[in-house]
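Novice:
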Amino acid sequence: MPSIVSMDAAGLTEQLDGMEAISSDKMHGVWFGVSCSKRHPSRVVALDFESLDLHGQIPSCISNLTFVTRIHLPNNKLSGQIPTELGQLSRLQYLNLSSNNLGGKIPGTLPSCSRLQIIDLALNSLSGSIPEGLGTLTSLSILRLTGNNLMGNIPLSLGSSSSLISVILTNNSLTGPIPPLLANSSSLQENNLSGPIPGGLGRCKNLEALNLSSNSFHGSIPIELFTLLSLSKGLDLSHNQLSGNIPPEISGLINLGTLSISNNQFSGKIPSTLGRYGSVYRARFESEEHTVAVKVFKLDQLGAPKSFLAECKALRNTRHRNLLYSLARCFYDSLHHITEYGLGNKLSTEGDVYSYGIMILEMLTGKRPTDEMFTNGLNLYEFVRKTFPQKIVEVLDPCIVPIFEDGYVHGSLNHESHVTAGSCIMQLVKVGLSCSMEIPKDRPKMEDVYAEVITIKEAFAAICG
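Mapping to full-length UniProt numbering: the sequence shown position 32 is 32, numbers consecutive.
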């Protein structure tokens, strides 16, 4: 590759040859996926090459893009190591290299990118430890490293970061305790974390969900957790080594939607106050000698039906020796089958994902699956899929289309933020399409969908305030 002192758009294509050039039918010209500054057209400010089957290594000369603020290369086949030269990109704010085949360690030079707000390196084969310096990034709001081979302790510096609002470290081999002040981490499950659950988590007043499942935490549940009225989406402490009584203070989580504490070593009684939608009673069937816990739901309360379904789902797989099997029954002989649930007839979790994907596509296009235009094999999914990604503007709701136009101005959005907003829409379209795939096994898991939507939401919020 030739050495280029001043990286401009004309030389960019040559510099990316090491990534095995994108086929011409996907490029539609050398400018596809490349954004330049309007004031200085020779300065590249963003690279957006998602799902283009790129393979090979990320060239170290990417560091010549000294004005780049955004690098978005997820869902490709990139391999090798993340170049340490990325640390020279002092203006970089967004880095997404997720869903590739990258290996090696996370570059220790990344903390030199002092303006980084979002780092997403999930679903690769990265190893080693998490660089301590990441916690010193004062603007970092989202850190997503799920699905790698990372080891070692979670850096203490992450626990002292005041800017982090989402830390997702699931499916790694991390060990040791949780930093006491790691405020807003929502997903740490499926690691080898140990020690007691720090009571300092009770000071995380904005925490909406906490998942510490499938680790090796021991001791009792800190009562400080039960003062978090912000916990509304879920608390999952299952599959650990927690012990002792279930504190009665757990009933203080009045806004909690889902609670899972199964597969631990709890003893004593189940608090009768557990759950705000009903009361728990001890009972015995006349025909059997087994004692059962009966929860009577108050279905007239807002949110009670949702709580009932959540408990059925959580309890149906319970196998712990200290918990009884759940006996769930429906009084109705039949249930209404919603046509948008899926292309099959079997109700399932995959069907829920399908329905969510259709809802996203409805929101982005302003169309409904029941509209008269969808006939002769054409449905909402095919309507969007045929235009993605090059012609997606043709099917988007007219209210969204201006985001993709050069002259679009919204509030104080600068050009870089304008590019980010457009990319957020593209990522959301991709989520909708993947969720509404025809074959259920091809659809993503809901937890992965949730993580992706949160990442998109936070990226958009970062530019819109």
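Think of the CB as a built atom: it goes at the ideal place given N, C-alpha and C, for glycine as much as any other residue. Because the structure is a prediction, the values reported are computed rather than measured.
1) Using the Cα positions of S251 and L229, report the straight-line distance between them to the nearest angstrom.
2) Exposed or buried, which one is A421 when buried takes at least 16 other CB atoms within 10 Å?
3) Whole angstroms is fine: what's the gap from I358's alpha carbon to M437's?
4) Just how far apart, CA to CA, sit H218 and S194?
5) Does the Cβ of K391 have 16 or more other Cβ atoms within 10 Å, making it buried, or fewer, making it exposed?
6) Please classify G159: does DSSP put it in a helix, a strand, or coil?
7) Taking the alpha helix (DSSP H) that F383 falls in, what are its first and last residues?
8) What residue from K269, T227, N211, I425 has the CA that sits closest to S260's CA?
9) Excluding sequence positions up to five away, which residues of its chain have a Cβ less than 6 angstroms from the Cβ of G135?
10) By DSSP, does V453 sit in helix, in strand, or in coil?
11) Between the alpha carbons of M426 and S139, how many angstroms are there, rounded?
12) In whole angstroms, give me the CA-to-CA distance for S42 and E208.
13) Taking C-alpha atoms, which residue in T175, I454, V167 lies nearest to residue 488?
14) Leaving out five residues on either side along the sequence, give the residues of the same chain with a beta carbon under 8 angstroms from the beta carbon of G234.
15) Would you kindly work out how many angstroms separate the C-alpha atoms of P398 and R368, rounded to a whole number?
16) Are V393 and L433 touching if we call contact CB-CB under 8 angstroms?
17) For the candidate residues Y94, L126, R115, whose alpha-carbon lies nearest to that of G104?
18) To the nearest angstrom, how far is the alpha carbon of S213 from that of H239?
19) List the residues that DSSP assigns as beta-bridge partners of M151.
20) Rounded to whole angstroms, what is the Cα-Cα separation between S79 and N124?
21) Going by beta-carbon coordinates alone, are P222 and I246 separated by less than 8 angstroms?
Specialist: In short:
1) 11 angstroms
2) buried
3) Taken atom to atom, the span from the alpha-carbon of I358 to that of M437 is near 10 angstroms.
4) 7 angstroms
5) exposed
6) G159 carries a helical assignment under DSSP once its states are collapsed to helix, strand and coil.
7) 380-385
8) N211
9) In the same chain as G135, and ignoring 5 residues on each side of it, the C-beta atoms closer than 6 angstroms to its own belong to P155, S157, L158, S161, in chain order.
10) helix
11) 24 angstroms
12) 44 angstroms
13) Residue 488 falls outside the range modelled here, since the chain spans only 1 to 465, and no answer is possible.
14) A209, L210, N211, L256, G257, T258, L259, S260
15) Whole-angstrom Cα-Cα distance: 15 angstroms.
16) no
17) L126
18) 6 angstroms
19) Looking at the DSSP assignment, M151 forms a beta bridge with S173.
20) 9 angstroms
21) no
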